[in-house]
Amino acid sequence: MDEITSVFVTESREQLEAMEAALLQLEDNPDDADILGAVFRAAHTIKGGAGVIECGFLVAFTHVVESALDKLRNGEITANADLIALLLACSDHMGHLIGVLESGTAAPGGDLQTDGDALLARLQRDWLSADAVGAAAAPAPKAEPVLSSGGGAVETDCWHISLRFGPDVLKNGMDPLSFLRYLTTLGRIERIETLADAMPAAEEMDPEACYLGFEISFSSDADKAAIERVFDFVRDECALYILPPRSRLADYMQLMAALPEDSMRLGEILVRVGALTQAELDEGLRTQSAGTEPDAAGEPHPAAPLGEILVEQHVVQPELVEAAVVKQKQVSDKKAADARLIRIQADKLDRLIDLVGELVIAGASVNLLASRAGQADLTEATSIVSRLVESIRDSALQLRMVQIGETFGRFNRVVRDVSKELGKDIELVITGGETELDKSVVEKIGDPLMHLVRNAIDHGIEPPEVRAARGKPPRGRLALNAFHDSGSIVIEIVDDGGGLNRDKITRKAVERGLIASGQSLSDNEIYGLIFEPGFSTADRVSNLSGRGVGMDVVKRNIQSLRGRVEVSSTEGEGTRFSIRLPLTLAIIDGFLVGAGAASYVIPLDTVVECMELQAVTTERNYLNLRGEVLPFIRLRNLFEIDGERPRRENVVVVRAAGQKAGIVVDQLLGEFQTVIKPLGHLFRNLRGIGGSTILGSGEVALILDVQALAQLAAKGEETSLSHNQTGRNSLAN
Amino acid sequence: MSKKKNVAQRLAIIEDMTIYNAATQKQALVEALAACDELELDLSTVGEIDTAGFQLLVLVKREAARLGKQAHIVAHSPAVSEVVDFFNMAAHFGDPILVPAQEAR
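Residue numbers (full-length UniProt numbering), protein chains in the order written: chain X, 1 to 733; chain B, 1 to 105.
Here it is, written out as C-alpha cells:
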C-alpha cells in the first residue's frame, strides 16, 4: 500500500469515527443542523479522498450515502430512528470497504458487495426514490432569473470546465490526473483539451512543477457544487471555471478573458472541445473586440474573480457562491488545525522511547562513575546531564500520551446497539475522557473494557420492567470514568443494575470447588471469584456473555499491563469495576534499595516514606506506624536471602491501590530512573516482581511489584491474625 | 548514448514516469535530444505514468519541434497510451499507438 493510501485509510477511519459519533448524537437531536453538517462533511471528505486515490467502490457507495445526507441536510427528508440505523450500518460498511482497500484487494468480496448493495437498495427505496434520481438536484441554471444579453444561449448541453493547475500541485502530492479521473465518476468527459502553453522552454522547465491546463466538455447530471467539490483538494492551487450547460455566449467570452491564454487560441480550443460552434465564436469575438479593444492585443486580463462577475450578472444563485465560500473557509480552517499536528509512525516513536531508555541507563552509569571519581566538576556536569535526560524522558513519554476519551467514545455505539438488541434502555455517561495514558496501554485496554461494558449491559442492568418494579428509573445508567491517582490511572465502569449476588456467587463457587463451604470470606474475596476461569452465575447464556469465559481473560489482560481490577457491588444498587493501570509501560522513577548483595527497585510513586525499623519485639510482621497497624514483609525472607541481617534495617512504607504496607530492606540507596525490561517467559508466574532493569554498574536489579507485595503482606497478617477481628478490620479496607 | 549524429537514437525509459523520477528523466530526455536529430522513445516498459511524466513527453515533443528535430514515441506501454489518450493528446503527438490484439475490441 502506498503512502497516500495509508494516509487516506487512517484519515478515513478518523472521519468514520466522527461520522458515527455525530450520527449517534443525531439520534437524540434529529434537527440539529450542526450535527448533520458534521455527518455530511465526514462522508464527503471520505468520498473526496477515495476519489483522489481512485478507490472506485468506496466512491460509489459513499456517493449514495452522501446524497441521502444531502437530502437530510436540505430538509427534504427528516431523520428518524430507521434512517439513522441505516446510516450507521452504512458507516460500518464504509469501514469494511476501507478495510478492503487497506488489504490491497481490488474490489470487495461477494458477501460484502451484497451487503453494500442491500444497504444502497434500502437507501434508494426508502429515502432517495421520493423524487427519482438520487445523485443530485437538477443542474443549476434552471429557474434563476438569467438575464439574457449579448447573444443567446449557446447550443451545447454539456458543462464546460476550465482548469489551470498551479505549479505546486504536483509537489504537494496531488496529481491532476487523479482529479480528472475522479471527475469521470460524476459524468462523462465528452472532450478534453490539454494545454501546455504555460510550460517554459526546456532549460527553465521544472519537471516537478505542473504547467498543464484543461478545457473540458463534461456531460453530467451533477450540480455545480458537486463538480466544484471534485477539485476541493486543489482549490487553492488551481484556477477553476465552470460554465453550466447552455450558458450565455457572453459567459464564454468572459471566461476567455479570465484565462491566461490569448483569446484566439482559447476560442479555437473551445470550438474543438465542442463548447462553442465556430459561428458562436465568431460572433462572440466580434462583440468583444468591439467593446474592449486592448484584449485583441493579446494582453491577458487580470484573472477576475469569476464568481463575482457571475453573481453580478445573475448567472449563479448567490447562495451557491456563498456555499462555496463557506466551504473554502472550512477547508482552510481544517488545514490550519492539521498544521499543528504531525502524523508519525508509531514504531518511530517506539524507537525513540527505546533510545531514551538506553540513554537513561547510560546516564546512570556515568553518574555512578562520576560519583566514584569524586571530582566536583564532573559530578556537577553529570548532574546537569541527568537533569536533561530526565526532561527528555518526560517529553518523550508525553509524546505517547493519548486521551482515553476516544476509547470511551467508541462505547456509545456499543451501548446503543447492545441495549437495543436486549430491549433495554441504557444511558452511557462518560467522564474523565481527557485523562491521558500511554498509547500502548490504551490499545490494550479496549478489549477488557469492551467485555466489562457488555457484561454490565447484559447482566448488570435489568430490563426496564424489572427496574420499574424495583422502583428504579426505567432508563439504566452506565458510567465510564477515568482519573489519575498516584502514578496510575483508574478506569471505572459503574452500572446501576442489580449488583452482584453474594450468595449466588458463594454457592456457585462451592459447587465448583473453588472455596470450601462454610469458609468465611470478605466481600472483596467473594466478588474476586468472578474472575476465576469458567465462573459464571448467569442462569442463561446469551450470545453476548454468560459463558463464563471472559472475566478471567479480562483479569489476565489487565494484569499483563501491570494493572489490577477490583469489583465492588451493592446488591440491588449496582456494581463498580475499577481498573488500575500504570501510566506507562516503559520507564519509571524508581527507589533503589538493597537487601543482601542484590539491589531492588521500588516504583517511586508508590513510596510513602522511609524509616528505620525499630527493634521488633515479636516475630509478628506488623509495626506501629503512628498508631496505625502496618503489615510489613521482609525482602530477605521473601527472596530467601541468606546471611546476617545488618544491625539496622529500614522500612519503606509503600501504598498501592489504597493498601499500605512496609517493605523491610537492608539499605536505602536513593532515587533511580529505571527502564523496565520485561522478564522472560520463564519468570512469568513470579509473584512480587514486576520486571528487571540494568543499573549503572551493569548489574541487574529486580523491580518489585508493590501491589502484589502489599497484598502479600496484608494477607500474611490476615491469616496469622484471622482470630483477631480488630487487626483484620483495619487491614481489610 | 553515442555521439554520432544524424542517426535515429533510441532511448528506452524503464522506470515509472512519475514525479519521483521526473527530474532525472527530464535531464536524460533533454540530453538525448541534444545528442541526435531523431529521438525514438521506447516506453514499452513504463509501468506507471502520472501528470509529471506526461509533461515530460509534451516537453520533449515541443523541444524537438523547436529545434527542428524529430521525437517519436515508438512503443507505448498500456499505462502510457492510456494517459496520452485520456489527455486527448494522441493526435497531437502523432505517434502510432499499437493496440495489442487482445485489447482491441
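For glycine and all other residues, C-beta sits at the position ideal for the given N, C-alpha and C.
This structure is a prediction, so every number in the text was calculated from the model and none was measured.
For this session: Could you work out which residues of chain B lie near X/E406, taking near to mean beta carbons separated by less than 7 Å?
Result: Within chain B, no residue comes near X/E406; the closest Cβ sits about 35 Å away, beyond 7 Å.
For this session: Please name the residue in X/E208, X/D221, X/K171, X/G166 whose C-alpha comes closest to that of X/T185.
Result: X/D221
For this session: Look at the alpha carbon of X/F683 and the alpha carbon of X/S692, and state the distance between them as a whole number of angstroms.
Result: 11 Å
Exercise. If the cut is a Cβ gap below 7 Å, which residues of chain X does B/T51 touch?
Worked result: L170, D175, P176, L177, C210, L212
For this session: Using a Cβ cut-off of 7 Å (strictly closer), state whether B/L11 contacts chain X.
Result: no
Exercise. Relative to chain B, which residues along the segment 182-200 of chain X have a C-beta separation below 8 Å, given in chain order?
Worked result: R191, I192, E193, T194, A196, M199
Exercise. Given a threshold of 16 other Cβ atoms within 10 Å of its Cβ, counted over all protein chains shown, does X/H484 qualify as buried or as exposed?
Worked result: exposed
Problem set entry | Residues bridged to X/T431 [DSSP beta-bridge criterion] | X/N481
Exercise. Chain B beta carbons: is any one of them nearer than 7 Å to that of X/A239?
Worked result: no
For this session: Measure how close the beta-carbons of X/G611 and X/V651 come, nearest whole angstrom, since I'm counting them as under 8 Å.
Result: Checking the displayed sequence, the identity of residue 611 of chain X turns out to be Met instead of Gly. Rounded, the Cβ-Cβ distance is 5 Å, consistent with contact.
Exercise. Nearest CA to the CA of X/A598: which residue from X/D28, X/L679, X/I703?
Worked result: X/I703
Exercise. Should X/A202 be flagged as near chain B, meaning a C-beta pair shorter than 7 Å?
Worked result: yes
Problem set entry | Reference B/Q70; option with closest CA among B/L59, B/S44, B/A22 | B/L59
Exercise. Around the Cβ of X/H63, are there at least 16 other Cβ atoms within 10 angstroms (buried) or fewer (exposed)?
Worked result: buried
For this session: Give the range of the beta strand (DSSP E) segment to which X/D495 is assigned.
Result: 488-495
For this session: Give a yes or no on whether the C-beta atoms belonging to X/E427 and X/R475 are separated by under 7 Å.
Result: yes
For this session: Tell me where the beta strand (DSSP E) around X/H44 begins and ends.
Result: Per DSSP, X/H44 belongs to no beta strand (DSSP E); it is in the alpha helix (DSSP H), 33-52.
Problem set entry | DSSP beta-bridge partners of residue 734 of chain X | A query on residue 734 of chain X cannot be resolved here, the shown segment of chain X reaching from 1 to 733 and no further.
Exercise. So, X/V65 versus X/A43, is the Cβ gap smaller than 7 Å?
Worked result: yes
Problem set entry | Where X/E204 falls, given that 16 or more other Cβ within 10 Å makes a residue buried | exposed
For this session: Report yes if the C-beta distance between X/D2 and B/D50 is below 7 Å; otherwise report no.
Result: no
Problem set entry | Helix, strand or coil at X/E358 [DSSP, three-state] | helix
Exercise. In angstroms, rounded to a whole number, what distance separates the CA positions of X/R13 and X/S6?
Worked result: 11 Å
Exercise. How many angstroms separate the CA atom of X/R648 from the CA atom of X/D495?
Worked result: 50 Å
Exercise. Which residue or residues does DSSP assign as beta-bridge partners of X/M611?
Worked result: X/V651
For this session: Provide the residue span of the beta strand (DSSP E) that contains X/K508, from first to last.
Result: Unbroken run through X/K508 is the alpha helix (DSSP H), 502-511; no beta strand (DSSP E).
Exercise. Quick one: is the Cβ of X/E434 within less than 6 Å of any heavy atom of the ligand GDP?
Worked result: The ligand content of the structure shown is nil, which means the ligand GDP is not present either.
For this session: Consult DSSP for X/G150 and reduce its assignment to one of helix, strand or coil.
Result: Caution applies to X/G150, whose pLDDT of 39 falls short of 50 and renders its modelled position unreliable; the model cannot decide the point.
For this session: Please classify X/S569: is it buried, with 16 or more other beta-carbons within 10 angstroms of its beta-carbon, or exposed?
Result: buried
Problem set entry | Spatially closest choice to B/F54 from B/A12, B/M17, B/D95, B/G68, by CA coordinates | B/M17
Exercise. Can you name the residues of chain B whose CB is closer than 7 Å to the CB of X/P167?
Worked result: Chain B residues near X/P167: none, gap ~11 Å exceeds 7 Å.
For this session: Enumerate in chain order the residues of its own chain whose CB-to-CB distance from X/Q25 is below 7 Å, with the five nearest sequence positions on each side excluded.
Result: I35
Exercise. Would you say X/I161 and X/F218 are within 7 Å of each other, going by their C-beta atoms?
Worked result: yes
Problem set entry | Residue range of the beta strand (DSSP E) that includes X/F218 | 213-220
Exercise. List, in order along the chain, the chain B residues whose C-beta lies closer than 8 Å to that of X/P260?
Worked result: Here the premise fails: no neighbours, minimum Cβ distance about 17 Å.
Exercise. Pairing CB atoms from the segment 418-434 of chain X with CB atoms from the segment 517-535 of chain X, are three or more of them under 8 Å?
Worked result: no
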